[in-house]
Amino acid sequence: MTLVTAHDYAWIRTSPLFRHMLENGYTLTLIRGRAPREVLRAMGAQPRGTGQGTAGLMAADDAHRAEGGYDYWDESYVAGAFGVPGENGDWTLVLGFDGGLGIAGACAELLSQGGRVVAHSTNGGKPIHLFHWFEDGQLRTTFEGPSSRDGDTPDALVPLLREVGFPLTPEGEHDESAPDVDRKAAVLALAERLTGVPVTESLLQDAAYQLGLVPEQPAEEWTGLVIDITDAHGERLYREWTYEEIATASDRARAEADAPVVITYGEPPTGGRSEHQRGE
């Protein structure tokens, strides 16, 4: 197993390519045991030929967006895939300047059957940095911040997270006494630990990509809402609402807003809305 740490990926902060990825949003996915064409097909991508290096990938994506008139709401994009050797066999690396949308969860679960999928992304703008590890059809660990993990085995990567440089206690909590780290560099180091694929600027820039147009994905139906906030003092606010609870509250508020206003003299108005009492 490779023993890289965040320090080995310090180059990303002086890389024009990685600056472009961060500013525009990207997803980089590594899939073990699947060929590039198979991966693009599983993503539902329409073949778009080949592109030489990231310059070719960007040109194809720009051409696609120009065809659509640079529609801000169109979430389709051109992805590029190529094969690369890694731990326990051959891997496919997929790169897309997709605003951080990433490969759909169901697709990643399918591609990880009998293998492994590791992905990280940034949405650009006010950035959200996500990491996902799928193993044999299961989402094993996912996180935005390393101390707030989710998945079927959310704590399985805690030792590796600590080794690559994340400031965590052995229990996986944030360690305020540990030195801070470049979290994006640490995520790339974590991905290499899990795949054996060292990602370098030249690897991405010089690869021969097989291109595919990934269609816009249908919106997933939501079943609830979660608020999970930890303030600067470590105080946590966590609250969950189901879809039914939100719908009931919304219906109640709408009914109260639509209720007739009854105005009587000498008494405060009643009903869902208040209204100034008319003078005598």
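In terms of our numbering, the sequence shown is residues 3 to 282.
No residue lacks a Cβ here, since even glycine has one placed at the ideal position from N, Cα and C.
{"query": "heavy atom of the ligand SAH below 8 Å from Ala108 C-beta", "result": "Absence of the ligand SAH is noted for the structure shown, with no ligands found whatsoever."}
{"query": "For Ser114 and Phe20, the rounded distance between their alpha carbons", "result": "26 Å"}
{"query": "C-beta atoms of Gly139 and Leu112 nearer than 9 Å", "result": "yes"}
{"query": "Thr31 - DSSP class collapsed to helix/strand/coil", "result": "strand"}
{"query": "Start-end ranges of the beta strand (DSSP E) lying completely within the segment 146 to 191, minimum 3 residues", "result": "none"}
{"query": "DSSP state of Ser123 mapped onto helix, strand, coil", "result": "strand"}
{"query": "Meets three-Cβ-pair contact criterion under 8 Å: the segment 144 to 152 and the segment 165 to 175", "result": "yes"}
{"query": "Inter-residue spacing [alpha-carbon to alpha-carbon] between Ala221 and Gln54", "result": "Unreliable placement is indicated for Ala221, whose pLDDT of 48 sits below 50; the coordinate value is still reported in the next sentence. In a straight line, the C-alpha of Ala221 is about 32 Å away from that of Gln54."}
{"query": "Bounding residues of the beta strand (DSSP E) (the contiguous stretch that carries Phe133)", "result": "131 to 137"}
{"query": "8 Å Cβ shell around Glu175 - same chain, five flanking residues per side excluded", "result": "Ser149"}
{"query": "Endpoints, the beta strand (DSSP E) within which Asp92 is located", "result": "91 to 98"}
{"query": "Residue burial classification, Asn90 (beta-carbon count within 10 angstroms, cutoff 16)", "result": "exposed"}
{"query": "Whether Leu32 touches Val199 by CB criterion (9 Å)", "result": "yes"}
{"query": "Beta-bridge pairing of Ile314 - partner residues as DSSP gives them", "result": "Residue 314 lies beyond the residue range present for the chain, which begins at 3 and ends at 282; the question has no answer from this structure."}
{"query": "Per-residue DSSP class, three states only, for Ile14", "result": "helix"}
{"query": "Cα-Cα separation between Ser252 and Glu246, rounded to whole angstroms", "result": "10 Å"}
{"query": "Environment of Leu205 [buried if 16+ CB atoms lie within 10 Å]", "result": "exposed"}
{"query": "Coarse secondary structure for Thr52, derived from DSSP in three states", "result": "strand"}
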